[in-house]
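Okay, structure first, notes after.
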Amino acid sequence: MLKWTPPPRGSYKLNTDGEAKGNPGMGGIGGVFRNHNGNWILGYMENIPYTTNIRAEIRAITKGLQLAELNNLLPLEIDTDSSETINMLINGNLIFDPLICECRSLIQRMGRVEVRHTYREQNRVADVLAKKAAKEIYI
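The numbering used here puts the last residue of the sequence shown at 605; the count rises by one with no breaks.
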């Protein structure tokens with residue numbers, strides 16, 4: 467059974483997820499920061515009225531990076547179950563270039579950030595937050 471693994475002592479881990487119902491459709495993002503003991507430090511979720519899965523995945527990482535910078539949650543390991551998003555961060559993507567550039571800029575500015583692939587089973591909390599956010603309707 468795959469389980470969540472903590473970051474090294476003195477570091478933080480951010481698990482992120484994004485999704486779109488219908489792809490494109492109503493979407494949501496979620497993320498959770500934890501320390502080396504596995505303690506919840508900070509969490510977030512956000513409804514996105516119309517998005518795609520990939521756009522939501524990128525948005526989830528970007529939002530997490532913004533919060534990490536604001537709250538000085540460094541060094542930081544980011545785990546996402548979207549290998550496609552990681553590939554775009556490494557190699558770029560013309561369609562999502564503005565979003566990818568924002569993410570890359572935050573990573574470069576913050577310095578001590580590593581983005582890695584994880585399995586959905588290890589990303590359960592972020593998955594639940596993203597699914598809940600996708601169901602919320604804000605007026």
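Glycine residues also receive a C-beta, built at the ideal position from the N, C-alpha and C atoms.
On a predicted model such as this, the values are computed, not experimentally measured, just so you know.
Of the choices the options, whose alpha-carbon is the least far from that of residue i?
i	options	result
LEU595	ARG578, GLY504, LEU508	LEU508
ARG586	ASP547, ARG475, GLY488, LEU540	ASP547
ARG461	ILE544, ASP545, ASN559	What is shown of the chain runs 467 to 605, which leaves residue 461 out entirely.
LEU539	ARG582, GLU580, LYS597, PHE499	PHE499
PRO472	ASN557, ASN501, SER549, ASN519	ASN501
GLU550	ARG582, GLY491, ILE495	ARG582
Alpha carbon to alpha carbon, how far is residue j from residue i? Give it in angstroms, no decimals.
i	j	result
PRO515	ASN503	35 angstroms
THR517	SER477	32 angstroms
THR482	PRO541	16 angstroms
ALA486	GLU543	24 angstroms
ALA600	ASN489	12 angstroms
VAL591	LYS469	12 angstroms
ILE605	ARG475	Caution applies to ILE605, whose pLDDT of 46 falls short of 50 and renders its modelled position unreliable; the value that the coordinates give is listed next. Distance between the alpha carbons of ILE605 and ARG475 is about 42 angstroms.
THR584	ASP593	12 angstroms
SER571	LEU565	10 angstroms
GLU580	GLU602	31 angstroms
ILE524	MET576	17 angstroms
PHE562	ARG578	24 angstroms
LYS529	GLY484	11 angstroms
For residue i, report the span of its alpha helix (DSSP H) as first-last.
i	result
ARG570	563-576
ASN467	The sequence as given places Met at residue 467; Asn does not occur at that position. Here MET467 belongs to no alpha helix (DSSP H), and DSSP marks it neither H nor E.
Return yes when the Cβ of residue j is within less than 8 angstroms of the Cβ of residue i, no when it is not.
i	j	result
LEU480	GLY497	yes
ASN505	ASP545	no
LEU531	CYS569	yes
MET467	LYS598	no
How would you write the range of the beta strand (DSSP E) that residue i sits in, first residue to last?
i	result
GLY530	Run containing GLY530: none in the beta strand (DSSP E); it sits in the alpha helix (DSSP H), 519-537.
THR584	THR584 -> no beta strand (DSSP E), and no H or E assigned at all.
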